[in-house]
């Protein structure tokens, strides 16, 4: 199984399927802001404009979702988190922001761990291709 930078919990995948069915294709952006600005924000695909300062961490394949859900991070945040594996999870409660799950009474959050040296080596081969 290939090494990934981002995974999702079953509960997060369930909510992504629900949001996809209601709204259409989705994307995430993880910024380095304070408070809820550091939470992963879920948008309609293309609603949040990405550019040269953003890094595509993963194209998530979620069972029951016809297209990958892209997961982006600002380049400056990637520099700080490039040794970290992210897991998107979901909890009850409302975050402050424009993320699509807010009206559902849920909020996405990130659980993280450091990548192993082997994972870092595997990912370093593809990191040059991650920047838009």
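Residue numbers (the UniProt record's numbering): 1 to 132.
Backbone N, C-alpha and C define an ideal beta-carbon position, used for all residues, glycine too.
None of these values were measured; they are calculated from a predicted model.
C-beta contact flag for residue 105 and residue 92 at 9 Å: Stepping through the chain shown from its first residue, residue 105 is reached at position 105. Stepping through the chain shown from its first residue, residue 92 is reached at position 92. Against a cut-off of 9 Å, the Cβ pair of residue 92 and residue 105 comes out as a contact.
Host alpha helix (DSSP H) of residue 22 (start-end): The count along the chain shown starts at 1 and reaches residue 22 at position 22. 10–23 is the extent of the alpha helix (DSSP H) around residue 22.
Beta strand (DSSP E) segment containing residue 112, residue limits: Taking the first residue of the chain shown as 1, we reach residue 112 at position 112. Counting along the chain, the beta strand (DSSP E) containing residue 112 begins and ends at 106–114.
Selected residue, minimal CA-CA separation from residue 52, among 73, 121, 38 and 44: Working through the chain shown from its first residue, we reach residue 52 at position 52. Selected option, being the one with the closest Cα: 73.
Cβ neighbour criterion (16 or more within 10 Å) applied to residue 2: For the purposes of this step, residue 2 is identified with residue 2 of the chain shown, where counting begins at 1. Exposed, since its Cβ has fewer than 16 Cβ neighbours within 10 Å.
Whole-number beta carbon distance between residue 29 and residue 41, since they are thought to touch under 8 Å: Your numbering for residue 41 matches position 41 in the chain shown. Your numbering for residue 29 matches position 29 in the chain shown. About 5 Å separates the two Cβ atoms, so the contact holds.
Cutoff 8 Å; reference residue 89; Cβ partners in own chain excluding five residues on either side: On the chain shown, position 89 is the one that residue 89 refers to. Excluding sequence neighbours, residue 89 sits near 8, 9, 11, 12, 108, 109, 110 and 111.
Same chain, Cβ closer than 8 Å to residue 48, neighbours up to 5 away in sequence not counted: Within the chain shown, numbered from 1, the residue matching residue 48 stands at position 48. Cβ neighbours of residue 48 beyond the five flanking positions: 27, 29, 41 and 72.
Residues near residue 67 in its chain [Cβ-Cβ closer than 7 Å; skip 5 each side]: Working through the chain shown from its first residue, we reach residue 67 at position 67. Excluding sequence neighbours, residue 67 sits near 25.
First and last residue of the uninterrupted alpha helix (DSSP H) at residue 80: Within the chain shown, numbered from 1, the residue matching residue 80 stands at position 80. Looking at the DSSP string, the run of the alpha helix (DSSP H) that includes residue 80 is 75–81.
Member of 103, 81 and 115 whose CA lies at the smallest distance from the CA of residue 38: One-based indexing of the chain shown puts residue 38 at position 38. Closest option to residue 38, Cα to Cα, is 81.
Nearest candidate by alpha-carbon position, reference residue 87, set 125, 100 and 115: Numbered from 1 along the chain shown, position 87 holds the residue referred to as residue 87. The closest CA to that of residue 87, considering only 125, 100 and 115, is found on 115.
Distance between residue 56 and residue 99 (C-alpha atoms, nearest Å): For the purposes of this step, residue 99 is identified with residue 99 of the chain shown, where counting begins at 1. For the purposes of this step, residue 56 is identified with residue 56 of the chain shown, where counting begins at 1. As the crow flies, the alpha-carbon of residue 99 is around 18 Å from that of residue 56.
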